[in-house]
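One structure below.
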Ligand SMILES: Cc1cc2nc3c(=O)[nH]c(=O)nc-3n(C[C@H](O)[C@H](O)[C@H](O)COP(=O)(O)OP(=O)(O)OC[C@H]3O[C@@H](n4cnc5c(N)ncnc54)[C@H](O)[C@@H]3O)c2cc1C
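In the working numbering, the protein residues as written are 16 to 523.
As structure tokens, then:
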């Protein structure tokens with residue numbers, strides 16, 4: 016029998032669960048970390064952002080976790096932890112493909128968009144090889160002498176005589192009993208508490224409706240090389256377009272590509288389920304090959320590619336979106352990725368999760384055991400919900416405009432304005448910053464998003480909005496985001512090639 020007594024039990028040892036466990040310990044409470052799996056294990060959700068780096072850096076400093084600091088930039092990561100898998104991410108790149116046609120590069124880059132997020136490779140963002148990163152972090156938990164119960168299946172939580180929680184389960188054949196005063200659910204899509212407490216998933220309120228088909232591959236040719244062979248003007252690119260969260264925009268779908276240093280590429284289709292509903296009679300392989308068959312330049316990129324030994328197969332999901340209505344309750348809280356999820360499109364997941372950890376840990380650090388604890392938890396719940404709603408507004412508008420690249424590039428500027436404004440505000444306020452992810456608490460910005468969406472809607476009804484209508488939309492977005500545009504977004508002279516847009520780093 017394994018018996019553990021903790022203040023806080025954290026379920027799920029993805030990066031979020033492990034980081035939370037380390038912080039709970041630094042706050043002076045006793046954590047226990049529980050996962051049904053064992054590291055290393057495959058996990059998706061790999062493309063980080065400047066916001067994620069800023070938040071991780073602040074958490075590492077605030078809670079004295081200096082060993083995590085190198086993970087906040089590509090250069091320090093490579094210098095300190097070269098064996099922890101990682102990729103260089105200098106920004107976001109988008110390429111619009113037409114069904115049945117080889118990609119035709121446009122001299123003015125009308126079917127490309129590159130937005131630089133990092134000033135140089137040394138200070139760059141990263142792609143996280145999650146099996147390595149998550150294993151590294153769980154080892155940090157063990158290194159700190161904290162209790163980790165992996166390969167442990169827990170049944171529904173029970174309330175004990177003293178009002179705390181009792182978690183009973185098994186680790187292999189050995190019975191497990193954990194007592195804790197508070198539960199934090201970091202199980203993501205596993206949804207331990209949502210399932211065991213019967214929480215409602217109000218997914219009907221989420222506009223985005225997508226599903227995914229993905230894996231890790233070896234032998235994927237760089238898009239830069241494909242584009243060069245096709246006559247693309249890659250010399251105009253502000254960074255090598257493969258060192259990015261690469262988005263290939265298709266008809267009712269997009270394909271992500273994230274390259275790691277070890278020759279592995281994460282690639283996946285995220286498919287608009289309204290346009291291309293899940294068909295159980297088509298296998299994952301058939302569906303994947305069907306998409307590549309329709310896009311010759313992508314097929315060419317994958318012509319020598321094979322699925323990597325981990326995970327070994329293509330993975331296909333149902334609808335990706337979740338929206339759990341209760342995010343906190345009596346002595347429990349869900350981290351953002353358990354509370355809800357929208358879509359990988361704008362790489363919001365890691366950063367949002369880190370923002371949620373920061374907010375929840377602030378509540379624990381300052382209000383544990385006092386009368387404000389529950390009301391502060393409610394504020395955390397409201398923040399996570401508001402942030403998820405904004406992400407949905409940003410992502411769903413992009414999906415709606417996939418068919419007209421000019422509209423998509425203009426609409427996506429809302430996200431880049433929100434991200435860069437958030438970075439600036441956070442850097443300006445130092446440790447006093449409590450703003451919501453992507454400025455979700457800024458009423459003026461939220462109104463801009465609503466206004467732009469309203470202007471987008473009629474253009475989507477037309478079969479092909481005229482070039483003038485698209486230009487008018489672009490200029491309207493430029494005017495609307497002006498108070499939030501400190502980095503030259505919507506600059507017609509940039510020709511869809513945006514040089515460094517970031518707000519900098521604390522360590523710059
Ligand atoms: C297809 C897809 C692509 C994505 N791409 C990106 C991206 O490029 N960039 C980005 O920022 N975000 C992305 N995300 C979001 C990202 O995956 C999440 O933000 C991130 O994984 C959250 O980390 P986590 O540690 O909270 O949860 P997870 O990584 O989901 O970890 C959950 C852990 O809980 C464990 N677990 C599950 N159920 C139980 C249970 N019942 N009992 C015990 N343990 C359990 C699992 O074994 C796992 O270790 C993507 C998401 C999806 C679905």
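Even for Gly, the Cβ is constructed at its ideal location relative to N, Cα and C. Note that the coordinates shown come from a computational prediction; the quantities given were computed from them, not determined experimentally.
Assuming residue i contacts residue j (C-beta within less than 8 angstroms), just tell me the rounded distance between them.
{"i": "residue 285", "j": "residue 244", "result": "With 8 angstroms as the limit, residue 285 and residue 244 do not qualify as a contact, their Cβ atoms being about 27 angstroms apart."}
{"i": "residue 8", "j": "residue 221", "result": "The structure shown does not extend to residue 8, since the chain is modelled only from 16 through 523, so no value can be given for it."}
{"i": "residue 250", "j": "residue 104", "result": "Going by Cβ atoms, the distance from residue 250 to residue 104 rounds to 21 angstroms, so no, they are not a contact pair."}
{"i": "residue 398", "j": "residue 374", "result": "6 angstroms"}
{"i": "residue 100", "j": "residue 276", "result": "7 angstroms"}
{"i": "residue 517", "j": "residue 424", "result": "About 19 angstroms; that fails the 8 angstroms criterion."}
{"i": "residue 352", "j": "residue 107", "result": "Actually they are not in contact, since the Cβ atoms of residue 352 and residue 107 sit about 21 angstroms apart, beyond 8 angstroms."}
{"i": "residue 47", "j": "residue 369", "result": "Not confirmed; about 22 angstroms, so no contact."}
{"i": "residue 233", "j": "residue 320", "result": "7 angstroms"}
Can residue i and residue j be called in contact, C-beta distance under 9 angstroms?
{"i": "residue 499", "j": "residue 463", "result": "yes"}
{"i": "residue 66", "j": "residue 396", "result": "no"}
{"i": "residue 33", "j": "residue 166", "result": "no"}
{"i": "residue 124", "j": "residue 255", "result": "no"}
{"i": "residue 191", "j": "residue 23", "result": "no"}
{"i": "residue 252", "j": "residue 491", "result": "no"}
{"i": "residue 68", "j": "residue 135", "result": "no"}
{"i": "residue 426", "j": "residue 416", "result": "yes"}
{"i": "residue 272", "j": "residue 38", "result": "no"}
{"i": "residue 238", "j": "residue 257", "result": "yes"}
{"i": "residue 35", "j": "residue 201", "result": "yes"}
{"i": "residue 180", "j": "residue 170", "result": "no"}
{"i": "residue 241", "j": "residue 142", "result": "no"}
{"i": "residue 406", "j": "residue 367", "result": "yes"}
{"i": "residue 401", "j": "residue 214", "result": "no"}
{"i": "residue 280", "j": "residue 343", "result": "no"}
{"i": "residue 186", "j": "residue 168", "result": "yes"}
{"i": "residue 306", "j": "residue 270", "result": "yes"}
{"i": "residue 177", "j": "residue 132", "result": "no"}
{"i": "residue 379", "j": "residue 193", "result": "no"}
Starting from the C-beta of residue i, find all residues in its chain whose C-beta is less than 6 angstroms away, skip the five residues before and the five after it, and write them out in chain order.
{"i": "residue 95", "result": "85"}
{"i": "residue 137", "result": "90"}
{"i": "residue 147", "result": "99 and 100"}
{"i": "residue 87", "result": "68, 71 and 72"}
Go through its chain and collect everything with a Cβ distance to residue i's Cβ below 7 angstroms, but skip five positions before and after it.
{"i": "residue 460", "result": "433, 454 and 499"}
{"i": "residue 205", "result": "27"}
{"i": "residue 338", "result": "216, 217, 218, 220, 221, 355 and 403"}
{"i": "residue 484", "result": "474"}
{"i": "residue 428", "result": "492, 496, 504 and 505"}
{"i": "residue 211", "result": "171 and 172"}
{"i": "residue 45", "result": "21 and 22"}
{"i": "residue 333", "result": "226 and 293"}
By Cβ distance, which residues of its chain are closer than 8 angstroms to residue i, with the 5 residues on each side in sequence left out?
{"i": "residue 299", "result": "228, 328, 329, 330 and 331"}
Judging by CA-CA distance, which residue of the options is the nearest neighbour of residue i?
{"i": "residue 25", "options": "162, 443, 458 and 473", "result": "162"}
{"i": "residue 412", "options": "48, 210, 225 and 436", "result": "225"}
{"i": "residue 372", "options": "236, 29 and 508", "result": "29"}
{"i": "residue 472", "options": "447, 445 and 408", "result": "408"}
{"i": "residue 445", "options": "40, 64, 77 and 31", "result": "77"}
{"i": "residue 278", "options": "324, 313, 246 and 296", "result": "324"}
With hydrogens ignored, establish whether the beta-carbon of residue i is closer than 8 angstroms to any heavy atom of ligand 3.
{"i": "residue 285", "result": "No copy of ligand 3 occurs in the structure displayed; its ligands are ligand 1 alone."}
* Can you find at least 3 beta carbon pairs, one from the segment 112-127 and one from the segment 46-57, that sit closer than 8 angstroms? -> no
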